[in-house]
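Counting from 539, one number per residue, gives the positions in the sequence shown under our numbering. C-beta atoms are modelled at their ideal positions from N, C-alpha and C, and glycine is treated no differently. Worksheet: the structure to be examined is printed underneath.
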Amino acid sequence: MLTERNLQILQAAIQEYINTGKPVSSKELVKKYKLGAKDATIRAELKTLTDEGYLVQPHTSAGRIPSDKGYQYFAGRTFDNFFNSTTSLMNKHFNELANELFSMDWPDFLSDFSKETDLLSAGYQTDEKEVHKSGLDKLFEHLELQTKEEFRQIARDFEDLDENLKKLPSILKNFSEPQVYIGKKSPITKSEHLSVIIDSYDINGNKFYFAAIGPKRMDYEKNLKKIKLIKESTKKHGRK
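This is the structure in structure tokens:
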């Protein structure tokens, strides 16, 4: 069972890795984050988090990077902190994205969302039974792939979205908020290098199912915020 201090250090370590893309050391955390502990204590905590499977140490002398378990914890904690907030998040830009949704202009909505987030976006509209996708170039710009097979798997995942997005109605039927999946836990992609956020929107009496796909080192807080902004905007449109 992790202590609150364990979790605070884990949160800082994953945030630092998301910011820099470099393995995180205890010295960096002491320098950049107010953790109330010395270097030796933070180093011991990082070892505990590694032993518990939340972090990985690529090399003996290197710093730590998040594991899929660590990313899943981080995304869940970010989700809980953000979605429990009562702050109103409406703004004009996201009302425009909601307008595209309510106009059933799926290609423009997905294209604009990808430009806004640098993520691959895909949507499935149940009434028309059509799948639309946008932003594969954005995805490749931000992935850190090493082998041809890793590139091939991303390409296969992109092609398979046409069928896999049709699973979203059954996956999301018991959820009213976005769901986050890390790596191979994703129900719609197979690459270990991806994170997936899925959600659904009520549009003119029909459901539009949506997936935002990016690297595991994505900015979860920013992307979840944008998805919430769009959902709030669509609810506002529905009340008109």
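Other residues of its chain near residue i: CB distance less than 6 Å, five sequence neighbours each side excluded
i, result
"Phe651", "Ser659"
"Ala582", "none"
"Asp646", "Glu638"
"Lys722", "Glu730"
Rounded Cβ spacing between residue i and residue j (contact assumed at less than 8 Å)
i, j, result
"Gly739", "Leu639", "Correcting the residue type first, residue 739 is Tyr in the shown sequence and not Gly. Between Leu639 and Tyr739 the Cβ distance is about 6 Å, and since that is below 8 Å, they are a contact."
"Ile780", "Leu699", "Absent from the structure is residue 780, since the part of the chain shown begins at 539 and ends at 778."
"Ile720", "Gln610", "5 Å"
"Ile556", "Arg694", "The Cβ separation is near 26 Å, so there is no contact."
Residues near residue i in its chain [Cβ-Cβ closer than 8 Å; skip 5 each side]
i, result
"Gln549", "Phe612 and Arg615"
"Lys576", "Val568"
Three-state secondary structure assigned by DSSP to residue i
i, result
"Ser708", "helix"
"Asn744", "strand"
"Thr624", "Annotation note: pLDDT 48 at Thr624 (below 50); position unreliable, coordinate value reported separately. Here Thr624 sits in coil by DSSP."
"Gln717", "strand"
"Pro604", "strand"
"Asp643", "coil"
"Tyr739", "strand"
"Leu593", "strand"
Own chain, CB closer than 7 Å to residue i, minus 5 neighbours either side, in chain order
i, result
"Gln663", "Trp644, Asn744 and Phe746"
"Leu674", "Leu658 and Phe696"
"Lys607", "Gly591 and Tyr592"
"Lys704", "Tyr662"
"Gln691", "Lys728 and Ser729"
"Ser605", "Gly591, Tyr592, Leu593 and Val594"
Alpha carbon of residue i to alpha carbon of residue j, nearest angstrom
i, j, result
"Phe713", "Pro707", "10 Å"
"Glu679", "Lys560", "17 Å"
"Ser733", "Asp656", "13 Å"
"Phe689", "His731", "10 Å"
"Phe632", "Lys760", "14 Å"
"Glu676", "Lys653", "Note that residue 676 is Lys in the sequence shown here, rather than Glu. Their Cα atoms are separated by approximately 8 Å."
"Glu701", "Lys667", "11 Å"
"Lys774", "Gln553", "33 Å"
"Ile768", "Leu762", "10 Å"
"Ser563", "Val669", "43 Å"
"Ile580", "Leu587", "10 Å"
"Ser771", "Leu635", "8 Å"
"Glu682", "Ser672", "20 Å"
"Ile547", "Leu584", "8 Å"
"Ala749", "Ser724", "11 Å"
Residues sharing a beta bridge with residue i, DSSP
i, result
"His670", "Gly661"
"Pro753", "Leu732"
"Val562", "Arg602"
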